[in-house]
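Have a look at the structure below before the remarks.
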Amino acid sequence: MSNESFRRAMEGYQVPIKTTPTIDVGVTDLYGTLLESAGTYQLHPSQRHVKCATTNTGAYTIAMPTAAECEGEIFCIYMVARDTVDVTLTDHADDTAVGDLGGADITLNLAADCVILYCDGISWRTLYSTGI
Numbered sequence: 027m028s029n030e031s032f033r034r035a036m037e038g039y040q041v042p043i044k045t046t047p048t049i050d051v052g053v054t055d056l057y058g059t060l061l062e063s064a065g066t067y068q069l070h071p072s073q074r075h076v077k078c079a080t081t082n083t084g085a086y087t088i089a090m091p092t093a094a095e096c097e098g099e100i101f102c103i104y105m106v107a108r109d110t111v112d113v114t115l116t117d118h119a120d121d122t123a124v125g126d127l128g129g130a131d132i133t134l135n136l137a138a139d140c141v142i143l144y145c146d147g148i149s150w151r152t153l154y155s156t157g158i
């Protein structure tokens with residue numbers, strides 16, 4: 027999906043994509059700090075815009091924050107570039123097995139895969155996805 031197509035698809039949503047911190051999995055965050063070269067990265071509730079670029083070896087897992095901490099929040103996880111590994115989104119270990127992440131993971135395995143998740147305080151719900 028092109029950036030223009032994505033922008034048009036999101037016109038009806040009030041997603042603060044440009045005002046939230048950007049996290050580049052496997053690369054660096056906004057401050058130049060390497061997050062993870064492989065392994066599991068635990069998202070903080072303020073990290074609502076995640077750009078994934080899997081150019082290193084090893085699998086990536088992004089663990090979402092607890093649903094209780096993120097009530098009313100929207101998270102956007104976008105695969106910018108993919109080399110040979112996938113990015114898997116999982117529920118926080120403390121969350122119950124309900125919603126779109128409850129008991130099942132979401133895998134981004136192609137460049138331009140995207141998922142936008144809404145948290146209702148109990149679980150994560152998919153507002154939009156492409157390529158998943």
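All residue numbers for the sequence shown refer to our numbering, where the first residue is 27 and numbers rise by one.
Positions of the beta carbon are idealized from the N, C-alpha and C atoms, including for glycine.
Cβ neighbours of residue i in the same chain (closer than 6 Å, five flanking residues each side left out)
i	result
Tyr-144	Ile-100, Arg-151, Leu-153
Ser-155	Val-141
Val-111	Thr-80, Ala-85
Under 9 Å between C-beta atoms of residue i and residue j
i	j	result
Leu-134	Cys-96	no
Ala-137	Met-105	yes
Residue i versus residue j: straight-line alpha-carbon distance, rounded
i	j	result
Thr-87	Cys-140	15 Å
Ala-107	Gln-73	19 Å
Ile-148	Ala-93	5 Å
Gly-157	Ile-132	11 Å
Nearest-angstrom beta carbon gap, residue j and residue i [assumed within contact, 8 Å]
i	j	result
Pro-91	Leu-69	5 Å
Helix, strand or coil at residue i according to DSSP, with G and I counted as helix
i	result
Ala-107	strand
Thr-54	Residue confidence for Thr-54 is low, a pLDDT of 42 falling below 50, so the modelled location carries little weight; the figure read from the coordinates is stated next. Strand.
Ala-94	helix
Gly-147	coil
Beta-carbon contacts of residue i that lie in its chain and below 7 Å, excluding the five residues immediately before and after
i	result
Asp-146	Glu-97
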